[in-house]
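First the structure, in the form of structure tokens, and then the observations on it.
Residue numbers (full-length UniProt numbering): 1 to 224.
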């Protein structure tokens, strides 16, 4: 499982984030200052860093700069500093994302998943083929009867989730949260519109889909 380094001097925050990540089977290393963070990252390179800016021995921006001297590991900043100048400074020096305290744990976990996906794409991702369309997960290409099909980023995200779980129901709230983020799990109209667009682009007969199946009141399922 992915290794996550948390750099946070608030013991309650450190404990809460660590518990939630470990509950989702991430391997967690927790430190409370910038020097310890840089030593830990050098000794055992993490897959992701979650970093507070207000550290006792140095500014978190210095930690980002130190990491960027030798690694491209994703860095998510957690900070009570909500000014645009602070955010721009952290992002300019090399942070990948910035979350202002207080924050929702679900939102942090969603950003962790997204950062890890971007940083570690699956080089062995399969090619999924049906009698109507083909989805190449490695190259992020879709085709219908051999003809390339252009999917928008949102359409691609939806079809990728579904084809990675063949035959399994994926609830509407799961899709909404994964694609649009926490707090959007009730926006079912978005989902219906995008699923209709996917069927129009990929299915033989969009009005009678054979592969992108609606489970009324529950969600969607991909039948190979």
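Beta carbons: idealized from backbone N, C-alpha and C, even for Gly. Treat the numbers as computed from the prediction; the structure is a model and nothing was measured.
Assumed close pair residue 81, residue 53 - CB separation to whole angstroms, cut-off 8 Å: 6 Å
With 16 other Cβ atoms within 10 Å as the buried cut-off, status of residue 217: exposed
Span of the alpha helix (DSSP H), counted from its first residue to its last, around residue 25: Note, residue 25: premise wrong, no alpha helix (DSSP H); not H, not E.
Start-end ranges of the beta strand (DSSP E) lying completely within the stretch 83–159, minimum 3 residues: 97–100, 127–129, 133–136, 141–144, 147–149
Opening and closing residue of the alpha helix (DSSP H) in which residue 164 lies: Per DSSP, residue 164 belongs to no alpha helix (DSSP H) and is neither H nor E.
Segment contact flag, the stretch 45–61 with the stretch 85–95, C-beta cutoff 8 Å, min 3 pairs: yes
Sufficient close CB pairs (3 or more, under 8 Å) joining the stretch 18–38 to the stretch 139–154: no
Backbone CA spacing between residue 194 and residue 154 [nearest angstrom]: 8 Å
For residue 79, the first and last residue of its enclosing alpha helix (DSSP H): Not the alpha helix (DSSP H): residue 79 falls in the beta strand (DSSP E), residues 75–79.
Anticipated Cβ contact below 8 Å, residue 172 with residue 219, distance rounded: 5 Å
Buried versus exposed, by CB contacts within 10 Å (16 or more), residue 66: buried
Length-filtered (3 minimum) beta strand (DSSP E) runs lying within the stretch 166–223: 169–171, 212–215, 219–222
Three-state secondary structure (DSSP) of residue 54: strand
Distance between beta carbons of residue 9 and residue 51, contact taken as under 8 Å: Incorrect: roughly 11 Å between the Cβ atoms, too far for contact.
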